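To start, the structure under review is shown below, and the notes come after it.
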Amino acid sequence: MKRFIFAFIAAYIFMFAWGWLLNGVVLKGVYAETPNIFRPRDEMMSLFHWILIGQAVLILAFILIYASGFAGGGVSAGIRLGILLEIAAIGSRMAIYAVQPFPGKLLVYGSLSGLVEMIIIGAIVGAIYKPRIAGAT
Amino acid sequence: MNWKKFFTAFIATFVWIFVFGWVYHGMLLHNTYAAMPGLMRAQTDVQFPLIILGQVVMAFFFTLIFVRGFGSGGGVAGGFRYGFLLALFLCGLDIIDYAVDPLTTTVLFAWWIGGIIELAIAGVIVGALYKPAAAP
């Protein structure tokens with residue numbers, strides 16, 4: 001449980017920092033090109049807690065999936081799970097892009113950055129979370 | 138990995154995701170989406186092949202993750218739990234989208250509920266169809 005909590009906190013801190021750097025700084029100009037499909041900045045900031053909750057839910061689910069079927073494989077298993085989960089999420093994102101008028105480059109940037117993000121989160125979780133070995137004290 | 142069972146599970150999952158998406162998003166939520174035209178493409182601009190491709194990618198990797206992680210004995214119960222957890226993962230993305238895109242809370246809750254039903258049942262399908270051969 002201790003390792004679960006450490007893995008959660010480490011992955012969460014990375015995800016928050018990565019999200020802020022990527023979406024708040026690097027892609028800021030791209031988002032500004034299509035203001036109509038995003039909330040105004042003030043409104044977005046008033047809903048900022050939802051971003052924090054969403055990131056927490058996502059990390060929690062990631063670690064629970066890792067703990068259920070991948071734990072024991074270490075960093076490489078974490079990275080493999082991160083890649084597989086992100087590609088599944090890209091499938092979901094493609095379906096959203098098909099019905100919502102987002103610019104195509106946001107789909108590409110979002111998918112590539114998501115892949116890097118999930119690889120690093122997988123490595124963090126794989127490095128920190130290790131299952132308890134039966135019989136160990 | 139048993140490829141024959143894998144592809145059977147993948148195809149069954151894809152069919153389920155396609156049918157569910159068509160009924161849930163295309164019919165039940167049709168009026169909800171129609172009430173927010175600025176956020177949705179016009180009917181003629183919807184890129185249907187991309188929806189199918191996205192569902193194929195989703196079904197393929199959904200099945201692959203289960204087989205890689207749970208295939209050695211997950212079964213129906215393991216599949217249900219896995220589907221629920223993957224839906225939770227995607228719920229996290231939906232929550233972040235809600236803070237950024239002008240979605241209504243109705244759409245957010247509908248996506249949560251729909252996503253959980255869709256993937257929990259997809260997990261049951263994969264868990265029921267992909268079972269490793271019994272040891273001799």
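Same order as they appear, the protein sequences are chains A and B. Quick note: the first sequence uses our numbering, first residue 1, plus one each step. Quick note: the second sequence uses our numbering, first residue 138, plus one each step. Ideal Cβ placement from N, Cα and C applies to all residues, glycine included. On a predicted model such as this, the values are computed, not experimentally measured, just so you know.
Between which two residues does the alpha helix (DSSP H) containing histidine 83 (chain B) stretch? Because chain B is modelled from 138 through 273, residue 83 (chain B) falls outside the range shown and cannot be assessed.
When you compare each of A:Ile119, A:Leu64, A:Ala98 to leucine 225 (chain B) by their alpha carbons, which one comes out closest? A:Leu64
When you compare only the Cα positions, how much space is there between phenylalanine 102 (chain A) and valine 25 (chain A)? 19 Å
Indicate whether the contact test is met: 3 or more Cβ pairs, each with one atom in the segment 109-127 of chain A and one in the segment 66-82 of chain A, closer than 8 Å. yes
Using beta carbons (cut-off 9 Å, strictly below), is methionine 195 (chain B) in contact with chain A? yes
Hey, is alanine 236 (chain B)'s beta-carbon within less than 9 Å of any beta-carbon in chain A? yes
Short CB-CB distance (under 9 Å) between methionine 177 (chain B) and chain A: yes
Counted within 10 angstroms of its Cβ, other Cβ atoms place histidine 167 (chain B) as buried (16 or more) or exposed: exposed
Taking the Cβ atom as the reference point for each residue, do leucine 106 (chain A) and tyrosine 31 (chain A) lie within a distance shorter than 9 Å? yes
Keeping to the same chain, check which residues put their C-beta closer than 8 Å to that of lysine 130 (chain A); ignore five residues upstream and five downstream. Arg3, Ala71, Gly72, Gly74
C-beta atoms of proline 239 (chain B) and glutamate 43 (chain A) nearer than 9 Å: yes
Within the continuous alpha helix (DSSP H) that includes threonine 181 (chain B), where are the two ends? Here threonine 181 (chain B) belongs to no alpha helix (DSSP H), and DSSP marks it neither H nor E.
Exposed or buried, what is glutamate 33 (chain A) when buried is set at 16 or more other beta-carbons lying within 10 Å of its beta-carbon? exposed
Is there at least one Cβ from chain B nearer than 9 Å to valine 99 (chain A)'s Cβ? yes
DSSP three-state assignment for proline 40 (chain A), whether helix, strand or coil: coil
Would the beta-carbon of phenylalanine 157 (chain B) fall within 9 Å of that of glycine 215 (chain B)? no
Contacts of leucine 58 (chain A) in chain B (Cβ-Cβ under 9 Å): Leu225, Phe226, Leu227, Cys228, Gly229, Leu230, Ile232, Ile233
Examine the Cβ distances between the segment 259-267 of chain B and the segment 141-161 of chain B and report whether three or more of them are shorter than 8 Å. yes
Buried or exposed (CB count within 10 angstroms, at least 16 for buried), glycine 104 (chain A): exposed
For alanine 7 (chain A), which residues of its own chain have a beta-carbon under 6 Å away from its beta-carbon, when the five flanking residues on both sides are left out? Ile63, Val125, Ile128, Tyr129
For a cutoff of 9 Å on Cβ pairs, would you count isoleucine 90 (chain A) as touching chain B? yes
Do the segment 188-197 of chain B and the segment 83-97 of chain A meet, that is, are 3 or more Cβ pairs less than 8 Å apart? yes
So that I know if they touch, is there some Cβ in chain A lying closer than 9 Å to that of valine 183 (chain B)? yes
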